[in-house]
Amino acid sequence: MDSDRTRYRDFISDLSGHDFKAHANAPAQAIAAVRDLLRSASGMRLPGGVAVAALHARFTTDLPEILRQARIEPDEMTFTDTTAIIFEWLKQQSPPTGR
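Residues 87 to 185, numbered by my numbering, are exactly what the sequence shown covers, in order.
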């Protein structure tokens, strides 16, 4: 992924022929592109990009309070802390409703 669909051609010609996704520096577009990549690679059923971006926004809002309760400063978070916090947070979210 890149902010521009063709920018890579300026510095990496070896990637020619690959389908790049442009996100235009918009987090929701980047989240949707990663979701689509994970869906294609895993074959798993996943919520759509809009739903994943909404979850990300809620998590970002909740994170300061989660860290306060865990007595972890943001710059102290390790990868293991981050994945454990995300896992626990996702378990507490209500499941998506069907149509």
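We treat Cβ as the ideally placed atom computed from N, Cα and C, and that holds for glycine.
Fair warning: this is a prediction, and the values are worked out from it, not measured in the lab.
Around the beta carbon of Ala118, a 10 Å sphere encloses 16 or more other beta carbons of the protein chains shown; the residue is thus reported as buried. Residue environment for Ala116: buried (at least 16 other C-beta atoms within 10 angstroms of its C-beta). By the CB criterion at 8 Å, Gly135 and Arg157 fall outside the cutoff. Here DSSP, grouped into helix, strand and coil, assigns Glu159 to coil. DSSP places Arg125 in the helix class (H, G or I) of the three-state scheme.
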